[in-house]
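Participant: Here it is, the structure, as structure tokens.
Residue numbers (this note's numbering): 37 to 209.
This is the structure in structure tokens:
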């Protein structure tokens, strides 16, 4: 039986700084989608994210006495304003995936009965010229943890969605 994907949130400066991933990385789009729902649940907690923040997947074995991690999902910066990511930020080391997490203050809820909804998008970049499609998932989760929107797609054209377009531009710049 394969080990579980385990994550632990990390705090940085009073906000969500990322996640330590242990056990193993998700092996399918469905497992990545489940991970997205979990991280968006953290983003739905008031005050965890001040602005839309980009998180990158970094694979690296991290061994401590308590856990053997396979890597991190680390907050890299915001999209706009102070702390915004510069073009070329991912030029030296391309991450395996990128998350855009939007706090409730920057998410339009799908349903009026879910006013405090956070949202997120995950882009798993492929190599289309080698037949490996881009994959993406989107999730909306309210403060109580209820998932109000969830879908995934393979063969994504990054320019068809604002979040995937921003994430693709950050990878290409």
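The beta-carbon is built from N, C-alpha and C at its ideal position, and this holds for glycine as well.
Could you pull out every residue in the same chain whose Cβ sits closer than 6 Å to the Cβ of residue 181, ignoring the five residues on either side in sequence?
Facilitator: Here the question's residue 181 lines up with position 145 in the chain shown. Only 77 meet the Cβ criterion.
Participant: I'd like the list of long-range same chain contacts for residue 183, defined as Cβ closer than 8 Å, with 5 residues on each side in sequence excluded.
Facilitator: Mapped onto the chain shown, residue 183 falls at position 147. Closer than 8 Å at the Cβ level, and outside the excluded window around residue 183, lie 73, 175, 176, 177.
Participant: Residue 172 and residue 202: beta carbons closer than 7 Å?
Facilitator: Taking the chain shown and counting its residues from 1, the one referred to as residue 172 is at position 136. Taking the chain shown and counting its residues from 1, the one referred to as residue 202 is at position 166. Cβ distance not < 7 Å, so residue 172 and residue 202 don't count as in contact.
Participant: Taking buried to mean at least 16 other C-beta atoms within 10 Å of its own C-beta, is residue 138 buried or exposed?
Facilitator: As a working note, residue 138 is residue 102 in the chain shown. Label assigned to residue 138: buried.
Participant: Helix, strand or coil for residue 108, going by three-state DSSP, please let me know.
Facilitator: If you number the chain shown from 1, residue 108 lands on position 72. Three-state result, residue 108: strand.
Participant: Let's test the definition: count the other Cβ atoms within 10 Å of the Cβ of residue 144 and tell me whether it reaches 16, buried, or not, exposed.
Facilitator: As a working mapping, residue 144 is identified with position 108 in the chain shown. It is exposed - the Cβ of residue 144 has fewer than 16 other Cβ atoms within 10 Å.
Participant: Please report the distance separating the alpha-carbon of residue 90 from that of residue 60.
Facilitator: Position 54 of the chain shown, counting from 1, holds the residue named residue 90. Position 24 of the chain shown, counting from 1, holds the residue named residue 60. Their backbone Cα atoms lie some 22 Å apart in a straight line.
Participant: Tell me the DSSP bridge mates of residue 93?
Facilitator: Within the chain shown, numbered from 1, the residue matching residue 93 stands at position 57. DSSP, once it has assigned bridges, lists 109 as partnering residue 93.
Participant: In chain order, what residues of the same chain have a beta carbon less than 6 Å from the beta carbon of residue 142, not counting five sequence neighbours either side?
Facilitator: Here residue 142 is taken as the residue at index 106 of the chain shown, counted from 1. These residues qualify, in order along the chain: 88.
Participant: May I ask which residues mark the beginning and end of the beta strand (DSSP E) holding residue 77?
Facilitator: Here residue 77 is taken as the residue at index 41 of the chain shown, counted from 1. Element bounds for residue 77: not the beta strand (DSSP E) but the alpha helix (DSSP H), 65–79.
Participant: Quick one: what does DSSP say residue 3 is sitting in, helix, strand or coil?
Facilitator: Any answer about residue 3 is impossible in this case: the structure gives the chain only from 37 up to 209.
Participant: Pull the bridge partners of residue 54 from the DSSP assignment, please.
Facilitator: Your numbering for residue 54 matches position 18 in the chain shown. Paired residues: 46, 110.
Participant: Tell me whether residue 205 sits in a helix, a strand or coil according to DSSP, three-state version.
Facilitator: By one-based count along the chain shown, residue 205 stands at place 169. In this structure, residue 205 counts as helix in the three-state DSSP scheme.
Participant: Give every residue of the same chain whose Cβ lies closer than 6 Å to the Cβ of residue 107, excluding the five residues on either side of it in the sequence, and list them in chain order.
Facilitator: Counted from its first residue, the chain shown places residue 107 at position 71. Here the set comprises 57, 94, 95, 96.
Participant: Mind checking residue 205: buried by the 16 CB within 10 Å criterion, or exposed?
Facilitator: The sequence position of residue 205 within the chain shown is 169, counting from 1. Label assigned to residue 205: exposed.
Participant: Can you give me the start and stop residues for the beta strand (DSSP E) that residue 156 sits inside?
Facilitator: Start at 1 with the first residue of the chain shown, and residue 156 comes out as number 120. Run containing residue 156: 153–160, per the beta strand (DSSP E) assignment.
Participant: Round the Cβ separation of residue 44 and residue 55 to the nearest angstrom and send it over; I've been treating them as touching at under 8 Å.
Facilitator: Within the chain shown, numbered from 1, the residue matching residue 44 stands at position 8. Within the chain shown, numbered from 1, the residue matching residue 55 stands at position 19. Correct: roughly 7 Å between the Cβ atoms.
Participant: Beta strand (DSSP E) containing residue 138: first to last residue?
Facilitator: Position 102 of the chain shown holds residue 138. Here the beta strand (DSSP E) through residue 138 covers 134–138.
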